[in-house]
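Okay, structure first, notes after.
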Amino acid sequence: MAFTFRQLQYFVAVAEQGSITRAAQSLSISQSSITEAIKELEGDLGVELFDRHPRGLSITHNGHQFLRHATKILSDVSDARRSFSDNREETGGKLNLGVTSLVAGYVLSDLLARYRRACPGVDVSAIEDNGSYLEHLLIGGELDVAVMVISNLRDRMALQAEILETSPYRLWLPIGHPLVSADIISISDIAKEPLIMLTVDEIEENTGKLLSALGARPHVAFRTRSVEAVRSLVATGAGIALLPDLVYRPWSLEGDRIESRDVSGALPVVQVGMVWRKGSSLPQSARDFVGIAEALRSARPR
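Here our numbering is used: the first residue of the sequence shown is 1, the next is one more, and so on.
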């Protein structure tokens with residue numbers, strides 16, 4: 001294997017942005033540089049990471065598997081660099097952490113693993129609950145910091161928030177659905193379809209508001225708190241879903257393909273961030289957690 005760190009950065013950027021054009025814009029480099037890097041990476045690995053088609057490209061099953069490794073490599077390098085800038089003696093202490101349901105499996109797992117490696121002496125206590133209850137615990141001093149959806153943060157006077165990731169809404173479709181090949185997908189197109197609704201972290205509320213504001217009455221075929229259930233139901237043709245790109249994966253647990261498409265119009269975004277009480281003196285364990293989260297965010301391709 002002879003692939004480079006830069007090739008991994010370009011690959012992750014294309015996978016996350018969904019196109020070479022957007023990846024090139026986010027990295028402020030030419031499209032040809034990214035195209036060449038991806039070709040060389042595929043040559044080194046001996047597999048195709050993306051399917052090319054007239055509308056652009058989509059990540060393959062091999063590409064999806066490699067994406068997890070590539071993201072981990074980039075983050076590990078960030079951890080290694082950070083270790084030289086943090087020469088404090090190992091300390092103990094306790095970290096009281098909160099997390100919302102949508103964030104737990106898609107943001108917190110990697111972040112918490114890195115924190116445990118960097119601060120093995122800290123006793124971490126984590127609780128998963130809805131955003132309003134976590135805000136209550138933060139204000140009451142029962143939590144040091146929470147990782148949560150902050151788009152609808154209620155008490156901004158009492159709480160400090162820092163964005164870790166911004167994720168736009170996109171449409172999930174099964175293979176062969178007529179909208180997969182549509183040049184433009186509008187909200188009115190979605191209103192005609194059975195909708196699989198995710199009911200965690202205000203997703204149902206936000207989706208309903210979006211469709212109602214545009215004069216569309218959603219036809220909800222199924223409500224669930226499980227993202228994996230949404231994937232399976234969409235993949236098997238039970239309906240479509242409108243969800244943050246943060247939770248998109250191109251394969252269901254059964255191995256069925258799920259397509260993701262942009263929708264025309266001003267769709268909302270989901271902001272994931274760290275939250276703590278304003279004016280509070282964070283313990284060293286919490287300051288370390290915030291620092292690691294900031295370093296991980298900075299390491300992600302832009």
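Idealized CB from N, CA, C, for every residue including glycine.
Small disclaimer: the values here were computed from a predicted structure and weren't measured.
By DSSP, does residue i sit in helix, in strand, or in coil?
i	result
Arg-223	strand
Glu-48	coil
Asp-189	helix
Ser-167	strand
Asp-201	coil
Ala-2	coil
Glu-89	The predicted model places Glu-89 with a pLDDT of 46, which falls under 50 and marks its position as unreliable; any figure quoted below should be read in that light. The answer is coil: DSSP assigns Glu-89 none of H, G, I, E or B.
Ser-281	coil
Pro-178	helix
Ala-238	coil
Leu-253	coil
Glu-36	helix
Ile-73	helix
Arg-302	Residue confidence is low: Arg-302 scores 47 on pLDDT, short of 50, so the model does not pin down where it sits. No coordinate-derived value is stated.
Gly-63	helix
Ser-30	coil
Ile-184	coil
Asn-206	helix
Asp-375	Shown here, the chain extends from 1 to 302; a query on residue 375 therefore has no answer.
Ser-264	coil
Glu-42	helix
Leu-211	helix
Arg-217	coil
Arg-297	helix
Arg-231	helix
Arg-156	coil
Glu-16	helix
Could you check which residue in the options has the C-alpha nearest to that of residue i?
i	options	result
Ala-293	Val-107, Val-220 and Pro-178	Val-107
Gly-93	Leu-111, Ser-75, Gly-121 and Ala-113	Gly-121
Gly-18	Asp-262, Ser-132, Gly-141 and Asp-189	Asp-262
Glu-202	Ile-73, Val-145, Ala-146 and Asn-130	Asn-130
Ala-235	Leu-246, His-177 and Ile-184	His-177
Phe-222	Pro-194, Ile-34 and Ala-2	Pro-194
Arg-117	Leu-143, Asp-76, Gly-140 and Val-230	Asp-76
Arg-249	Trp-172, Leu-111, Tyr-115 and Leu-153	Trp-172
Ala-2	Ala-126, Gly-43 and Gly-239	Gly-43
Leu-243	Leu-267, Ile-184 and Thr-60	Leu-267
Leu-210	Ser-188, Glu-228 and Thr-224	Ser-188
Gln-271	Ala-13, Ala-161, Arg-6 and Lys-39	Ala-161
Arg-225	Ser-252, Ile-196 and Ile-38	Ile-196
Ile-96	Arg-114, Ser-28, Gly-141 and Val-220	According to the sequence as given, residue 96 is Asn; it is not Ile. Considering only alpha carbons, the answer is Gly-141.
Glu-259	Gly-239, Gly-98 and Trp-276	Gly-239
Phe-66	Glu-48, Leu-57, Arg-52 and Leu-134	Glu-48
Leu-138	Ile-150, Cys-119, Ala-158 and Ser-125	Ala-158
Ile-150	Cys-119, His-69 and Gly-98	Gly-98
Asn-206	His-136, Val-269 and Pro-54	Val-269
Leu-282	Asp-144, Ile-29 and Arg-114	Asp-144
Leu-27	Glu-40, Leu-41, Val-275 and Val-12	Val-12
Arg-6	Ala-126, Ile-73, Ala-191 and Thr-100	Ile-73
Val-220	Lys-192, Arg-156 and Val-227	Lys-192
Tyr-169	Arg-277, Ser-264, Gly-237 and Arg-68	Ser-264
Check for me: the beta strand (DSSP E) holding residue i runs from which residue to which?
i	result
Gly-98	94 to 99
Arg-114	First-last for Arg-114: 109 to 118, but that is the alpha helix (DSSP H), not the beta strand (DSSP E).
Glu-259	258 to 261
Ala-146	145 to 149
Across which residues does DSSP place residue i in a beta bridge pair?
i	result
Val-270	Ser-167
Ser-125	Asn-96
Ala-161	Val-275
Pro-244	Tyr-169
His-53	Gly-56
Ile-196	Phe-222
Is the Cβ of residue i closer than 8 Å to any Cβ of chain B?
i	result
Leu-134	No chain B is present in this structure, which holds just one protein chain.
Which residue marks the beginning of the alpha helix (DSSP H) containing residue i, and which one marks its end?
i	result
Gly-131	131 to 139
Leu-27	20 to 27
Confirm the yes/no value for this check: CB of residue i, any heavy atom of the ligand FMN, distance under 7 Å.
i	result
Val-275	As far as ligands go, the structure on display features none, and thus does not contain the ligand FMN.
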